[in-house]
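> In the working numbering, each number is its position in the sequence shown, counted from 1, plus 292.
Ideal Cβ placement from N, Cα and C applies to all residues, glycine included.
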Amino acid sequence: MDLNSPLFDRIRAQRQPRETRREIVTRCDSPGCEAEGVHRAPMGRLREGQYLCFCLEHVREYNSTYNYFNGMDDASVARYMKDATVGHRPTWSMGTKRGRAGFREDTMTAADPLGVYRQRFRRPQPAERRGPHHSPVTIRAFVAMGLEETADAVTIRARYKELVKRHHPDANGGDRSREEKLREIIHAYKTLRAARLV
Numbered sequence: 293m294d295l296n297s298p299l300f301d302r303i304r305a306q307r308q309p310r311e312t313r314r315e316i317v318t319r320c321d322s323p324g325c326e327a328e329g330v331h332r333a334p335m336g337r338l339r340e341g342q343y344l345c346f347c348l349e350h351v352r353e354y355n356s357t358y359n360y361f362n363g364m365d366d367a368s369v370a371r372y373m374k375d376a377t378v379g380h381r382p383t384w385s386m387g388t389k390r391g392r393a394g395f396r397e398d399t400m401t402a403a404d405p406l407g408v409y410r411q412r413f414r415r416p417q418p419a420e421r422r423g424p425h426h427s428p429v430t431i432r433a434f435v436a437m438g439l440e441e442t443a444d445a446v447t448i449r450a451r452y453k454e455l456v457k458r459h460h461p462d463a464n465g466g467d468r469s470r471e472e473k474l475r476e477i478i479h480a481y482k483t484l485r486a487a488r489l490v
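(1) Return the CA-CA distance between Arg339 and Gly329, expressed in angstroms with no decimal places.
(2) Cα separation between Met335 and Gly363?
(3) Quick check on the DSSP output: the beta strand (DSSP E) that includes Ala487 runs from which residue to which?
(4) Using DSSP's beta-bridge definition, name the partner residues of Cys345.
(5) Which value, in whole angstroms, describes the spacing of the CA atoms of Arg352 and Asn296?
(6) Determine, using beta carbons only, whether Thr430 and Thr483 come nearer to each other than 9 Å.
(7) Specify, as a first and last residue, the run of the alpha helix (DSSP H) that Met373 falls within.
(8) Within the same chain, show all residues whose beta-carbon is closer than 7 Å to that of Pro461, passing over the 5 residues directly before and after it, in chain order.
(9) With a cut-off of 8 Å on the beta carbons, I'd call Arg332 and Tyr360 a contact; round off their distance for me.
(10) For Phe395, which of helix, strand or coil comes out of DSSP?
(11) Closer than 6 Å by C-beta to Phe434: which residues in its own chain qualify, once you throw out the five before and the five after it? Chain order, please.
(12) In the DSSP assignment, find the alpha helix (DSSP H) that holds Tyr452 and state where it starts and stops.
(13) With H, G and I counted as helix, E and B as strand and the rest as coil, what does DSSP make of Arg337?
(14) Once DSSP output is grouped into helix, strand and coil, what is the label at Arg319?
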């Protein structure tokens, strides 16, 4: 691409010569001060986006006495702070079944021969109350110890002691043939302890 093309010359922005550019100088807004107002300071509540321009000395004075909540009582300040958490935007309460408060099946005007809408707006029936839900590893531990999933801590401990006594080599005259079953029982018990069921 040729950047020295005459097409680029036509679309380039023309810079004004330095001598024709006027510098705008803002004076300090403090009464009687002729210094340059370089520092901006907010005008206050209900005048957001509007600023006063001060010199360094007067902006320090202004900032030391500035109070955004000047003239507001405590309740108004608290309300403002609460609204500030959501950026002063309107909010709506959230919950279940919003917008369906006035829905009644007997007032439906559309024909529903298949019962699609009736099914959709029917209140869900509570599920059957089942026992506690355990992970597959925990269920395998219950099976290894020969227990139901609903067994409590006392039952688990008693069953563990019984199985260890039955399968321990010392209780079987030094026979180590049941040692693998003993390891399985000990591992199952540790799994149930890790699941905080014992």
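The structure says:
(1) 19 Å
(2) 14 Å
(3) Looking at the DSSP string, Ala487 is not in any beta strand (DSSP E), and its letter there is neither H nor E.
(4) In DSSP, Cys345 forms a bridge with Arg332.
(5) 52 Å
(6) yes
(7) Asp366 to Ala376
(8) Asp467, Arg468 and Glu471
(9) At roughly 15 Å, the Cβ-Cβ gap does not stay under 8 Å, so Arg332 and Tyr360 are not in contact.
(10) Per-residue confidence for Phe395 stands at a pLDDT of 47, beneath the threshold of 50, marking its modelled position as unreliable; the derived number appears in the next sentence. Of the three classes helix, strand and coil, the one that applies to Phe395 here is coil, per DSSP.
(11) Once the five neighbours on either side are set aside, the close Cβ partners of Phe434 are Glu441.
(12) For Tyr452, the enclosing alpha helix (DSSP H) covers residues Ala445 to His459.
(13) Here Arg337 sits in coil by DSSP.
(14) strand
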